[in-house]
Amino acid sequence: MRIYKVGGAVRDRLLGKPVTDIDWVVVGATTEEMLAKGFRPVGADFPVFLHPKSGEEYALARTERKSGRGYGGFTFHASPEVTLEEDLIRRDLTINAMAEDDQQNLTDPYHGQRDLEARLLRHVSPAFAEDPLRVLRVARFAARYAGLGFTVAPETLELMRQLSESGELEALTAERSWKEISRALMEDQPQVFIEVLRECGALKVLMPEVDALFGVPQPEAHHPEIDTGVHTLSVLEQAARHKQPLTVRWACLLHDLGKGLTPEAEWPRHIAHEHKGLKLIKAVNERFKAPKDCQELALLVGEYHTHGHRALELKPSTLLELLQSFDIYRRPQRFEEFIAACEMDARGRKGLEQRSYPQADYLRGAANAARAVAVQPLLDKGFKGPELGEAIKRERLKALKAYKDAASA
Ligand code: CTP
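Each residue of the sequence shown is one higher than the last, beginning at 1 in full-length UniProt numbering.
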């Protein structure tokens, strides 16, 4: 049997990037031989094994045929006769279809190195279409390597367009899609992921609610960029620039979905878009089974981002309602993430990227004022049950009034 390093490890070494995990391909071996050497099978009918010591993935060289839709729809043909070239030709991109032996001799039959130099994400062969998830993968690689000048080759974009139109993307499982989306959002330029998906028509299929934002105008006074889609991309760009976590990036992407529902006659204003957008945010959350913290923050940011921007003008009672909605007493982190998302929203506007955002400290101060209300004195006064709750609320309101007065003095 012959063993080669393949995929991302070869690509990233040639790019001079750190290699995190290594995938291996094994040519000329059978499942039985792998098991005899102590490799552990990953799944029942999947010709992939884990190394007994390193835990790295070793896949038998294989050709792949599609027999149905979705992930479970694959059948694999792995046998000792499958050559390295036959294995590489069914991979997604030329830059991912290079192999290296233990002497660092490169096998590059599909010119991955040439495309690395040309900064091109190009599919290897028509076998690209065997796995529609690759549409998302290419968009994710575009987001990751945009800073190095990579773009998607026109013929690959065309193939992605055909796949998007074919209905294949609908068959992807939520889990596989979310894995790509969440990784893409954590890249340096996540807005490029959305741009590429939009360009090939996949955004319309995967997140029509986000796609609908392009072409929708907003008032120029607050949004010099005017277009809601362009604004959304800028907010995402800011979130990455400020190294925000996934929760915040997801919330940034979805915060303005309600604006896509505004009747044209009302443009460029979007009255109550915060509330109208909630059902759309919920739908996208559920479509991809986003983790609970992402779902929650997206909904809260969707509903309250305008409150965040208007923080300094809010009445103490409204401010208190906002703090209560976030359960700031038990969930301080989530409120911080809300503030971060609001700040990214304020900065994701043309020419306003460097603006200051005094609302952030004001909101933090308000949260601290409400948290500082001590419960013990109220217990000592004999308050219990619902009355205690009311008494705490009254004290918090008093504290917020004092906070607001002091801030505006
Ligand atoms: N691959 C593929 N099609 C897929 C998934 C993977 O062709 N849908 C191939 C590619 O050759 C890829 C390799 O399997 O390079 C390993 O896949 P994976 O570990 O998912 O990605 P990497 O390329 O290693 O990239 P990353 O740095 O994102 O892990």
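Virtual Cβ for every residue (Gly too), placed ideally from N, Cα, C.
Please read these numbers as outputs of a predicted model, since none were measured by experiment.
Query	Result
Inter-residue spacing [alpha-carbon to alpha-carbon] between Ala-409 and Gln-191	41 Å
Neighbourhood of residue 410 by C-beta distance below 7 Å, restricted to the same chain and skipping five residues each side	Any question about residue 410 goes unanswered here, given that the chain covers just 1 to 409.
The ligand CTP heavy atom lying under 7 Å from the CB of Ala-402	no
CB of Lys-5 within 8 Å of CB of Glu-64, strictly	no
Endpoints, the beta strand (DSSP E) within which Trp-178 is located	Run containing Trp-178: none in the beta strand (DSSP E); it sits in the alpha helix (DSSP H), 174 to 185.
Range covered by the beta strand (DSSP E) that runs through Phe-49	46 to 50
Asp-405, DSSP secondary structure in three states	helix
Coil, strand or helix - Val-375 by DSSP	coil
Short CB-CB distance (under 8 Å) between Leu-397 and chain B	Checking the listed chains, one finds no chain B in this structure; it contains a single protein chain.
Closest residue to Val-19 among Arg-11, Val-26 and Val-25 (Cα-Cα distance)	Arg-11
Beta carbon of His-255 nearer than 8 Å to that of His-305	yes
Stretch-stretch touch, CB-based, cutoff 8 Å, three pairs: the region 369 to 381 with the region 257 to 264	no
DSSP state of Pro-41 mapped onto helix, strand, coil	strand
Test item: CB-CB of Ala-366 and Tyr-403 under 8 Å	yes
Reduced DSSP secondary structure (H/G/I, E/B, other) of Asp-256	coil
Any non-hydrogen atom of the ligand CTP closer than 7 Å to Gly-7 Cβ	yes
Where Pro-340 sits in the DSSP three-state scheme	A small fix is needed here, since residue 340 is Ala in this sequence, not Pro. Here Ala-340 sits in helix by DSSP.
Those residues which DSSP pairs with Glu-390 across a bridge	Per DSSP, none; premise fails for Glu-390.
Top-ranked residue by Cα proximity to Ser-79, from Val-25, Asn-96 and Ala-153	Val-25
Check: Asp-23 C-beta below 7 Å from any heavy atom of the ligand CTP	yes
Other residues of its chain near Thr-247: CB distance less than 6 Å, five sequence neighbours each side excluded	Asp-293, Cys-294, Leu-297 and Glu-337
Distance, Met-207 Cα to Ser-177 Cα	11 Å
Nearest neighbour of Thr-31, chosen from Arg-13, Ala-59 and Leu-15 [CA to CA]	Ala-59
Inter-residue Cα distance where the pair is Glu-86 and Ala-61	8 Å
Strand pairing of Val-124, partner residues [DSSP]	The partner list for Val-124 (beta bridge, DSSP) is empty, contrary to what the question assumes.
Neighbourhood of Glu-353 by C-beta, 6 Å cutoff - its chain only, sequence neighbours within 5 removed	Arg-347
Residue span of the beta strand (DSSP E) that contains Arg-2, given as start and end	2 to 6
Three-state secondary structure (DSSP) of Leu-400	helix
Cβ neighbour criterion (16 or more within 10 Å) applied to Gln-104	exposed
Closest Cα partner of Arg-371 within the set Met-344, Leu-323, Arg-334 and Asp-380	Leu-323
Contacting residues, own chain, Cβ-Cβ under 6 Å from Gln-189 (five flanking each side not counted)	Ala-143 and Ala-146
Ala-174 classed as buried or exposed, judged by whether at least 16 other C-beta atoms fall within 10 angstroms	exposed
Through-space distance from Arg-114 to Lys-53, alpha-carbon basis	35 Å
Span separating the alpha-carbon of Arg-40 from that of Asp-23	15 Å
Rounded C-alpha distance that separates Ala-340 from Glu-81	55 Å
Burial state of Gly-308, where buried means 16 or more other Cβ atoms lie within 10 Å	buried
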